[in-house]
Amino acid sequence: HVKNCIGIANTDIGGTWAITSPAASSTPPIDTYVKVAGTTTYSNLQWFTGPTNNGFVSITTVTLRMTVMFSGSFTGGNNKVGSLRVRHWDNSLETYVDIVSARFAIGGPGISENVICISPPIVMDISDKIELWVANLSDGSSFTCDSGSIFQLHEVF
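Numbering (our numbering), first residue to last: 12 to 168.
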């Protein structure tokens, strides 16, 4: 469903990124969210750009209703509890809005914990962006988003 389109009808609006080179997120204080680190490779971007900082930025003047889905895994220290959060930068308000969070626990060193996070619909306008953030709820140590983890953005009808 495409509105006010001068391009191809029924284009799948949104896109995908995948972690292709993992990196530990910075070491923040406990319960402090930081952007998920690592090299992200973008694909199938329609009406969005993919900056190198794990976000999707709307480049259309059409107001969109979008949903996001993360499917991936994290590694970290033994018995650490983390939280993955989807954040929406509302450009018109110049502020972040927290959309949805998913908690996870790492059972031991070197063990990956699978995380799935799906958002409710998010209303997006031009220059709004969606990003993925992570926090350590146990201590200030870092988490690494593993290679192959994906973050997808799709229009909701």
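C-beta atoms are modelled at their ideal positions from N, C-alpha and C, and glycine is treated no differently.
Quiz item: In this structure, what does DSSP give as the bridge partners for residue 94?
Solution: As a first step, residue 94 is located in the sequence shown; it is residue number 83 there, counting from the start. Here residue 94 is bridged, per DSSP, to 114, 146.
Quiz item: Where residue 74 and residue 137 are concerned, what is the direct C-alpha to C-alpha distance, given to the nearest angstrom?
Solution: Numbered from 1 along the sequence shown, position 63 holds the residue referred to as residue 74. Numbered from 1 along the sequence shown, position 126 holds the residue referred to as residue 137. Between residue 74 and residue 137, the alpha-carbon positions lie close to 7 Å from each other.
Practice problem: With DSSP as the reference, label residue 105 as helix, strand or coil. | Solution: Within the sequence shown, the letter at position 94 stands for residue 105. Correct three-state label for residue 105: coil.
Practice problem: For residue 95, count neighbouring C-beta atoms within 10 Å of its own C-beta (all shown protein chains included) and say buried if the count is 16 or more, exposed if not. | Solution: Position 84 of the sequence shown, counting from 1, holds the residue named residue 95. Per the 10 Å Cβ criterion, buried.
Quiz item: Would DSSP call residue 26 helix, strand or coil?
Solution: Taking the first residue of the sequence shown as position 1, residue 26 is located at position 15. Annotated three-state conformation of residue 26 is strand, per DSSP.
Self-check item: residue 43 (DSSP reduced to helix, strand or coil)
Solution: The sequence position of residue 43 within the sequence shown is 32, counting from 1. Reduced to three states, the DSSP call for residue 43 is coil.
Self-check item: Euclidean distance between Cα positions of residue 119 and residue 53
Solution: Taking the sequence shown and counting its residues from 1, one reaches residue 119 at position 108. Taking the sequence shown and counting its residues from 1, one reaches residue 53 at position 42. So the alpha carbons of these two residues sit roughly 31 Å apart.
Exercise. Please work out which residues of its chain come closer than 6 Å, Cβ to Cβ, to residue 154, disregarding the five sequence neighbours upstream and downstream, and give them in chain order.
Key: As a position in the sequence shown, residue 154 is number 143, starting the count at 1. Cβ neighbours of residue 154 beyond the five flanking positions: 36, 85, 87, 93, 145.
Quiz item: Which of the three DSSP states, helix, strand or coil, is assigned to residue 162?
Solution: Working through the sequence shown from its first residue, we reach residue 162 at position 151. When DSSP states are grouped into helix, strand and coil, residue 162 belongs to the strand group.
Quiz item: Hey, residue 141 and residue 67: beta-carbon distance below 8 Å or not?
Solution: For the purposes of this step, residue 141 is identified with residue 130 of the sequence shown, where counting begins at 1. For the purposes of this step, residue 67 is identified with residue 56 of the sequence shown, where counting begins at 1. Yes, the Cβ-Cβ distance between residue 141 and residue 67 is below 8 Å.
Quiz item: How long is the line joining the alpha carbons of residue 44 and residue 151, rounded to whole angstroms?
Solution: The residue given as residue 44 occupies position 33 in the sequence shown. The residue given as residue 151 occupies position 140 in the sequence shown. Distance between the alpha carbons of residue 44 and residue 151: 11 Å.
Quiz item: Just the Cα atoms here: how many angstroms apart are residue 90 and residue 122?
Solution: Your numbering for residue 90 matches position 79 in the sequence shown. Your numbering for residue 122 matches position 111 in the sequence shown. The alpha-carbon atoms of residue 90 and residue 122 are separated by roughly 10 Å.
Quiz prompt | Helix, strand or coil at residue 89 [DSSP, three-state] | solution = The count along the sequence shown starts at 1 and reaches residue 89 at position 78. In the structure shown, residue 89 sits in coil (DSSP, three-state: anything other than H, G, I, E or B).
Quiz item: Can you tell which of 39, 112, 50 has its C-alpha closest to the C-alpha of residue 159?
Solution: The residue labelled residue 159 in the question sits at position 148 within the sequence shown. Out of 39, 112, 50, 50 has the C-alpha closest to the C-alpha of residue 159.
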